[in-house]
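Quick note on numbering that gives the first Met the number 0: the sequence shown kicks off at 0 and runs consecutively.
Worksheet for the structure shown next.
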Amino acid sequence: MYSIRIIGLISILAGGVLSQAQQLKPVTATPADVKPTVSDLSISGHSVTDLHLRPLFTTTIRLPEPVTSVAVGAPSLFEVEHSDQEPRLVFVKPSTKESATSNLVIALQSGQEISMRLLSDGDGGNTPVDFVVNYRPPQSFLIGSSDAVAHSVETARDEKPTTVPLIDQALKTQAEIATPDWVGGLAKNEKNPDGKAIAKPLVAALGDVREKGDEMLVAYSVMNTTDHWIEVLPPQVELNSPNLGSDKKKKREILAEQIPITDYRLNVRRLAPGERADGAVQFARPGFKQSKDRLLLQLATASAVDTPLLMPVPFVAPGR
């Protein structure tokens with residue numbers, strides 16, 4: 000009889016402990032479902048891209064060329080990582096579980112810049128999250144938010160074709176030339192206007208020359224002929240005129256007048272040995288010149304700016 004009572008008491012106590020354990024079991028909230036998106040965007044320096052983020056998730060930004068620097072407006076709210084070991088990747092994630100907004104600027108090796116608006120709805124957000132953003136070289140020259148890209152397939156039929164600027168068309172055509180006609184600038188035994196020898200770091204090739212209203216558009220290519228890295232400077236255009244005075248000493252002097260440049264493109268600024276860069280420059284051509292005046296495209300490197308390579312440019316563009 001006592002054994003039966005003891006067994007019953009143990010069963011009651013065990014049931015109570017089990018019931019209490021079930022009541023004390025912590026209940027964890029199920030996190031909101033995250034909808035990941037992967038976007039493909041074109042590089043543009045004239046617009047801002049929205050980047051949707053979420054706490055505890057890292058977004059990868061993949062660039063078509065090495066990144067030289069990154070800057071975030073609110074470093075206490077967003078973490079941005081970039082390593083030289085992965086020069087084409089940038090990683091972004093929120094540092095706070097609260098909603099936050101800031102901006103991010105990414106500078107590329109070619110000199111282009113990408114501007115992004117960072118948006119985080121916090122833990123309670125339900126907006127799709129950008130897991131991967133792939134940037135490609137500029138083609139359509141239009142860039143929008145990741146939401147617009149995600150739905151671009153549905154709206155493509157309603158959009159009008161994008162007009163590519165003429166200077167970008169000229170750059171693309173020049174870059175597609177496999178073997179440009181490389182030259183060393185002025186004639187072999189000729190010197191630059193300052194009397195110094197022709198610059199050695201570069202050889203160049205003149206491409207298509209066009210007229211655009213009162214302006215001229217010139218495409219060109221340059222190649223690094225040294226055994227070290229060089230940095231190519233933006234192009235300059237000058238009208239150089241011999242001094243026609245009576246003084247014999249002054250006759251040797253050459254007067255150079257800089258021509259205003261309205262726009263230019265250069266797809267690469269830093270060149271490895273044997274590497275090539277393509278560019279295009281648009282400038283306002285003078286209305287007339289003297290017979291001995293020359294219109295010259297001036298190309299130089301950061302380490303030899305005083306000895307530029309000079310490429311003669313036709314004063315009148317070929318046409319019908």
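Glycine residues also receive a C-beta, built at the ideal position from the N, C-alpha and C atoms.
If you're wondering where the values come from, they're calculated on a predicted model, not measured in any experiment.
DSSP state of residue i mapped onto helix, strand, coil
i	result
A218	strand
A174	helix
I42	coil
L201	strand
D32	coil
A279	strand
A169	helix
A99	strand
S119	strand
N133	strand
E64	coil
T261	strand
A147	Legend: pLDDT at A147 = 41, less than 50; position of this residue unreliable, no value from coordinates given.
D207	strand
F77	strand
S82	strand
L232	coil
P311	strand
Bridge partner(s) assigned by DSSP for residue i
i	result
V104	A70, S114
L294	L238
T59	F90, V131
D213	In DSSP, D213 forms no bridge with anything.
T48	M115
E256	L238
Neighbourhood of residue i by C-beta distance below 8 Å, restricted to the same chain and skipping five residues each side
i	result
P313	V208, L294
S290	none
W228	R269, L270, A271, P272
Own chain, CB closer than 6 Å to residue i, minus 5 neighbours either side, in chain order
i	result
L62	R87, Y134
T126	H51, D120
E210	A316
Anticipated Cβ contact below 8 Å, residue i with residue j, distance rounded
i	j	result
T58	F130	6 Å
G110	R268	5 Å
V202	V231	Not quite, the Cβ-Cβ distance comes to about 12 Å (not below 8 Å), so this is no contact.
A177	D277	Actually they are not in contact, since the Cβ atoms of A177 and D277 sit about 12 Å apart, beyond 8 Å.
Cutoff 7 Å; reference residue i; Cβ partners in own chain excluding five residues on either side
i	result
F282	E214, M215, V236, I258, P259, I260, T261
T67	A106, L107, Q108
D122	P54, K96
S94	S75, L76, F77, E78
Open item on the list: Under 8 Å: do the stretch 107-123 and the stretch 66-82 share three or more Cβ pairs, one atom per stretch?
Closed with: In this structure the stretch 107-123 touches the stretch 66-82; the number of beta carbon pairs closer than 8 Å is three or more.
TODO: Count the CB pairs spanning the stretch 161-173 and the stretch 60-74 that are closer than 8 Å, and state whether there are at least three.
DONE: Touching, no.
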